Structures are given as structure tokens and as C-alpha cells.
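Following: one structure in C-alpha cells, then a few remarks.
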Amino acid sequence: MLDKLVVVLFRPKYPENIGSVARACLNMGVSELVVVDPYNFNMDKALPLATAHARHILESARIVDTLEQAVDGCTAVFGTTARTGGWRKGIMAPDTLAGVVDERLRSGGRVAVVFGPEDKGLTNEETSICSGLVTIPTSREGTSLNLAQAVVVVLYECFKRSLAEPFTPDGPPEERPTTVKEQEALFSNLQETLLSIDFLKDDNPDYWMLPVRRFFSKINLKRNEFNLLMGVCRQVRWFVDRYGPEGKGGAK
């Protein structure tokens with residue numbers, strides 16, 4: 225869905241930042257990168273930051289002389305800014321921009337997001353070509369973002385909005401609950417283990433096991449957890465059989 229989203233870097237100063245941006249584009253599903261009049265561009269310095277995975281994005285990036293050339297063919301252009309005063313009104317947050325970009329892309333448009341030079345950003349004249357502006361909220365103690373950081377924040381919001389379904393991280397493998405038979409086997413093993421270390425009283429161990437049973441009744445014990453506890457019991461009883469309930473000194 226983001227195949228028609230174009231990232232435009234306007235006069236970036238450091239080739240390493242261009243490489244980092246290429247990697248950010250790869251991470252967020254954007255394949256088109258355009259660089260306008262870069263200062264002292266050096267592919268050898270940019271490539272390590274792009275990594276081998278994003279090398280193709282960096283090597284296929286278009287390098288042009290003007291902003292007009294960079295956005296030629298686009299139906300909408302959005303600029304990024306850290307300055308929100310003066311005439312720069314109606315500035316969007318990244319998530320709001322993502323909604324606008326998504327709508328334009330779904331209607332068949334081609335959209336560019338422009339990022340200015342690292343030291344001063346886009347001027348008022350340069351933003352005049354933009355359909356709108358976006359700013360990334362930051363702490364007052366640190367308002368300046370690295371170029372690649374800014375790119376990945378904006379593209380992340382666009383990527384989320386482009387998904388057919390909300391992203392849900394994969395959890396651990398689903399384990400089945402233990403059966404009653406397995407639970408009884410565990411209780412029997414626990415009882416023998418706790419007796420071996422003198423935790424339970426010999427005279428009426430079933431009675432003293434009741435709090436343990438009540439505790440486990442509150443837990444929907446899974447099979448992998450059952451295996452873990454059975455293994456712990458086995459190791460404790462091996463230690464006791466070898467060294468005695470009081471440790472390496474043996475029982476007294």
C-alpha cells in the first residue's frame with residue numbers, strides 16, 4: 225500500500241544519515257527515496273548505515289537538483305517541521321498525517337513526505353510547495369531529532385494505517401491446560417518432594433497439602449508449566465537423595 229509513498233530528503237548534510245533513512249524506509253515498507261542536492265554525498269559512507277538489507281533502496285535512490293523535480297508527479301506533498309510558530313498553522317501530528325496520506329494513496333494518488341536539512345529544516349519558501357505540514361511532538365529538553373529518527377516516526381504511523389488489520393504481536397505458543405489426571409500426578413510429586421525436604425509434616429501430609437492444592441486451583445496450569453514443576457521436583461529429590469535434606473553435609 226505504501227508503494228506510492230515517496231520519501232524526499234532535501235539537502236541532507238551527511239551521507240550516513242541518507243543510509244540510515246534507506247534502512248528506515250525498508251523497515252516501514254517504503255521503497256522510493258529521493259535525495260535533493262545532497263551535500264558531499266558518498267555512497268561508501270552511506271552503505272554501512274543502510275545495511276545489506278536496504279542496499280537496493282539506497283542504490284536506486286534518485287538524486288535530483290531541485291525540490292520541484294523530487295515531487296514531480298505527486299498529487300500531494302507534505303513537509304516536516306520542528307518550528308510551529310509564525311504563519312505555520314494547522315500543523316498535523318504524525319498519526320493525523322498518516323490518515324491523510326492513507327486516504328490519498330487509496331484514491332490512487334502519489335504522495336511525497338519531505339524532510340529538510342538536519343541543521344535548519346525547511347524554510348518557509350520551501351514549505352510553500354507543501355499541501356500540509358507535520359511535526360513530531362518531543363520533550364522540551366530535546367526537540368531536535370536525528371534525520372532517520374524523524375523519518376521512521378512518520379513512516380511508522382503511515383505503515384500502521386496502511387495495514388488491512390491492526391498489528392498484533394505473536395504471543396508464546398499456545399499450550400493446552402493440564403488434565404485432572406496430570407494435576408493429581410503433580411500434587412503427588414510435590415507432596416513427596418516437600419516431605420523429602422521436611423517442608424510437610426509426616427503425621428498428616430494430605431492435610432498440609434491442602435493450601436498447596438488451593439493455590440494451584442487458582443491457576444489455569446498449562447502443560448509446559450506442569451513439565452517445569454515436575455522437573456523441579458525431580459531435581460530437588462535427586463539432590464536430597466544424594467546429599468540429604470540438609471545439603472552436602474548430609475542428614476544429621
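Heads up: the sequence shown is residues 225 to 476, going by this note's numbering.
Every residue, glycine too, gets a C-beta built ideally from N, C-alpha and C.
Note that the coordinates shown come from a computational prediction; the quantities given were computed from them, not determined experimentally.
Range covered by the beta strand (DSSP E) that runs through residue i
i: Phe302; result: 300 to 304
i: Phe234; result: 229 to 234
i: Leu357; result: 356 to 358
Nearest-angstrom beta carbon gap, residue j and residue i [assumed within contact, 8 Å]
i: Ile281; j: Ala246; result: 4 Å
i: Ala374; j: Phe339; result: 6 Å
i: Arg279; j: Leu271; result: 6 Å
i: Thr359; j: Thr320; result: That pair is no contact at about 10 Å.
i: Gly243; j: Ala276; result: Not quite, the Cβ-Cβ distance comes to about 11 Å (not below 8 Å), so this is no contact.
i: Asp318; j: Glu381; result: Rather than Asp, the amino acid found at residue 318 in this sequence is Pro. Sure, about 4 Å apart at Cβ, within 8 Å.
i: Glu399; j: Lys446; result: 4 Å
i: Gln415; j: Met433; result: 5 Å
i: Ile315; j: Leu346; result: About 12 Å; that fails the 8 Å criterion.
For residue j and residue i, the rounded distance between their alpha carbons
i: Ala409; j: Ser386; result: 50 Å
i: Gly303; j: Thr403; result: 60 Å
i: Pro236; j: Thr299; result: 24 Å
i: Arg328; j: Val259; result: 22 Å
i: Arg438; j: Pro393; result: 34 Å
i: Glu350; j: Gln293; result: 13 Å
i: Leu233; j: Met454; result: 59 Å
i: Leu379; j: Asp261; result: 22 Å
i: Phe423; j: Asp430; result: 13 Å
i: Asn370; j: Met225; result: 26 Å
i: Glu283; j: Asn241; result: 14 Å
i: Asn251; j: Ile287; result: 21 Å
i: Arg307; j: Ser331; result: 30 Å
i: Lys269; j: Asp289; result: 21 Å
i: Ser352; j: Val295; result: 13 Å
i: Lys442; j: Leu452; result: 18 Å
i: Phe463; j: Pro397; result: 32 Å
i: Asp465; j: Phe411; result: 20 Å
6 Å Cβ shell around residue i - same chain, five flanking residues per side excluded
i: Cys249; result: Val231, Leu257, Ile281
i: Lys476; result: Reliability fails at Lys476, whose pLDDT of 44 lies under 50, so the model's placement of it is uncertain and no value is given.
i: Glu406; result: Phe450
i: Lys228; result: Leu329, Arg334
i: Arg461; result: Thr417, Ser420
i: Gly253; result: Leu226, Phe383
i: Tyr263; result: Lys237
Cβ-based neighbour list, residue i, same chain, cut-off 8 Å, excluding 5 preceding and 5 following
i: Asp426; result: Leu419
i: Gly297; result: Arg334
Three-state class that DSSP yields for residue i in the structure shown
i: Ala388; result: coil
i: Val259; result: strand
i: Pro401; result: strand
i: Val295; result: coil
i: Val254; result: coil
i: Met433; result: coil
i: Ala336; result: strand
i: Ile287; result: strand
i: Phe423; result: coil
i: Lys476; result: For Lys476, the predicted model reports a pLDDT of 44, less than 50, meaning its position is unreliable and no value from the coordinates is stated.
i: Asn241; result: helix
i: Asn444; result: coil
i: Ile477; result: For the chain, the structure presents residues 225 to 476; residue 477 sits outside this window and is missing.
i: Asn413; result: helix
i: Arg307; result: coil
Limits of the alpha helix (DSSP H) - the one that residue i falls within
i: Phe463; result: 447 to 467
i: Arg328; result: 318 to 330
i: Pro393; result: Premise fails: Pro393 is in no alpha helix (DSSP H) and is neither H nor E.
i: Ala274; result: 267 to 274
i: Glu365; result: Segment: none, Glu365 is in no alpha helix (DSSP H) and carries neither H nor E.
i: Thr347; result: Counting along the chain, Thr347 falls outside any alpha helix (DSSP H), and DSSP gives it neither H nor E.
Close Cβ partners of residue i (< 7 Å) along its chain, the five nearest in sequence each way excluded
i: Asn413; result: Met454, Cys457
i: Asn266; result: Pro239
i: Val377; result: Pro318, Ile360
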